[in-house]
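Visitor: Handing you a structure now.
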Amino acid sequence: MKKSSIILLTIFFAASCAKTKVPLATGDPHSDLERCLVLAEKKKFDEAVECLEVFKSHFPQTEEAINAELLIADNYFAKKEYLLAADTYLLFIKTHPSHPKLGYAYFRLGLSYLKASPKAIDRDQEYLDDAAYYLKIALSELEGGEYREAALRALDETIRRLSAREYYIGNFYYRTGEYIAAIPRFIELLNTYPDSKLVPNALYKLVVAHGKLKRVSDAKSFYSKLSTDYPTSPWTKRAEKKLLYYTKKYGE
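With our numbering as the guide, the letters of the sequence shown map in order to residues 168 to 419.
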C-alpha cells in the first residue's frame, strides 16, 4: 500500500474516532451542559452519559452537577436500561433528599420499575411492588402538573397489573381444583385492590370455591357482598345459580 494511502486511512480513522468522543470542556457550565443535552437529543445516550460524567467532574458540588446526576438517570431510562436508571434515580434520592426535583426522581424511579416488569402476567413481576411503592411516594411529593398526572396513570397501570397477577395465581389454583389454595389469593385481591375490575369475578369464584368445599355459609357471605356491591354484574346472576345448587345439595 502506498504511503499516501496509509496516511489517508489514518486520518479517516482518527476522524471517525473523534466523532465518538465527548466534546472537550469549555469551562462554561452552561455551554458544556448544553453539549451533553445535544448528544441526548440525538439519541447518543452512551455519549451523553459520558459527557455528563465529565461535566460533573469539572463542576463538582454545583447545582448543575447535581442536575447532571438526574440527567444521567434520564439517559439510562431513554436507552431502556430501566434497572440501571432505577439505581441511578435511587442514588439521587438518597444523596439529595431535599432537592426540588425529588418528586420527579421518585416518579421516574417508580416508572423505571414498572417498565422493567414484563407485560405478560405469567412472567416474573418482582419489580411491580417497588413500582407501586415509589409511585405512591411520588404522588405525595408532587403537588401538581404533568408529572403528577403521569404518576397517577403509572400507578393505575401498576395496580391493574398487580391485581391481575393476584387473580392469575388464584385462578390457576381454581382451575386445577385446588380451592383451599385459591381462596386466600382471591381474598387478597379483594382486600388489597378493592377497585379492581376483577373483583366481581373473584367474588364469584369465592362463592364457587367455598361451595365446592361444602362451606355453604361462607359461600353465602361472599355472594351477599357480590350482590350488594355489584347487583347488575353478570357474575352476580351466575353466583346466585351456583349458590342455590350448593344450598340444595349441602343444606344450610
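Glycine included, each C-beta is placed from N, C-alpha and C at the ideal position. Computed from a predicted structure; not experimentally measured.
Report the start-end ranges of each alpha helix (DSSP H) in the stretch 246–287 that is 4 residues or longer and not cut off at the edges.
Guide: Runs found: 249–262, 269–283.
Visitor: Since I239 and T262 are thought to touch, with beta carbons under 8 Å apart, how far apart are those beta carbons, to the nearest angstrom?
Guide: Against the sequence shown, residue 239 aligns to sequence position 72. Against the sequence shown, residue 262 aligns to sequence position 95. 12 Å between Cβ atoms; not a contact.
Visitor: Write down every uninterrupted run of the alpha helix (DSSP H) in the stretch 304–356 whose length is 4 residues or greater and which is fully enclosed by it, in chain order.
Guide: Listed in chain order, the complete alpha helix (DSSP H) runs (minimum 4 residues) inside the stretch 304–356 are 313–342.
Visitor: Rounding to the nearest angstrom, what Cα-Cα distance links Y301 and F259 in this structure?
Guide: Position 134 of the sequence shown, counted from the first residue, corresponds to residue 301. Position 92 of the sequence shown, counted from the first residue, corresponds to residue 259. Their backbone Cα atoms lie some 14 Å apart in a straight line.
Visitor: Do the stretch 378–388 and the stretch 396–416 touch if we need at least three Cβ pairs shorter than 8 Å?
Guide: Contact between the stretch 378–388 and the stretch 396–416 is present, because at least three Cβ pairs lie under 8 Å.
Visitor: Mapping the DSSP letters down to three states, classify I173 as helix, strand or coil.
Guide: Numbered from its first residue, the sequence shown carries residue 173 at position 6. Residue placement at I173 cannot be trusted, given a pLDDT of 39 that sits under 50; what the coordinates show is reported in the next sentence. Helix at I173.
Visitor: So, do the stretch 275–283 and the stretch 312–326 have three or more beta carbon pairs nearer to each other than 8 Å?
Guide: Touching, per the Cβ criterion.
Visitor: Just the C-alpha distance for V374 and E316, rounded to the nearest angstrom, thanks.
Guide: Reading the sequence shown from its first residue, position 207 is the one you call residue 374. Reading the sequence shown from its first residue, position 149 is the one you call residue 316. Spanning the two alpha carbons is a distance of roughly 38 Å.
Visitor: Could you name the residues of the same chain whose beta carbon sits closer than 8 Å to that of L295, not counting the 5 residues immediately before and after it, in chain order?
Guide: Within the sequence shown, numbered from 1, the residue matching residue 295 stands at position 128. Cβ within range, chain order: Y280, L281, S284, T325, R328, L329, R332.
Visitor: Might you give, ordered along the chain, the residues of its own chain that have their beta carbon closer than 6 Å to the beta carbon of E236, omitting 5 neighbours on each side?
Guide: The residue you call residue 236 lines up with position 69 of the sequence shown. These residues qualify, in order along the chain: F259.
Visitor: Just the Cα atoms here: how many angstroms apart are A207 and A215?
Guide: In the sequence shown, the residue the question calls residue 207 occupies position 40. In the sequence shown, the residue the question calls residue 215 occupies position 48. Taking the straight line from one Cα to the other gives about 5 Å.
Visitor: Write down every uninterrupted run of the beta strand (DSSP E) in the stretch 218–242 whose length is 3 residues or greater and which is fully enclosed by it, in chain order.
Guide: Listed in chain order, there is nothing to give.
Visitor: F180 by DSSP, collapsed to three states: which one?
Guide: Here residue 180 refers to the residue found at position 13 of the sequence shown. For F180, the pLDDT reaches just 38, beneath the cut-off of 50, and the residue's location in the model is therefore unreliable, although a value from the coordinates is still provided. Three-state DSSP puts F180 in a helix.
Visitor: Whole angstroms are fine: how far does the CA of R342 sit from the CA of A321?
Guide: To locate residue 321, count along the sequence shown from 1; it is residue 154. To locate residue 342, count along the sequence shown from 1; it is residue 175. Going from the Cα of A321 to the Cα of R342 covers about 31 Å.
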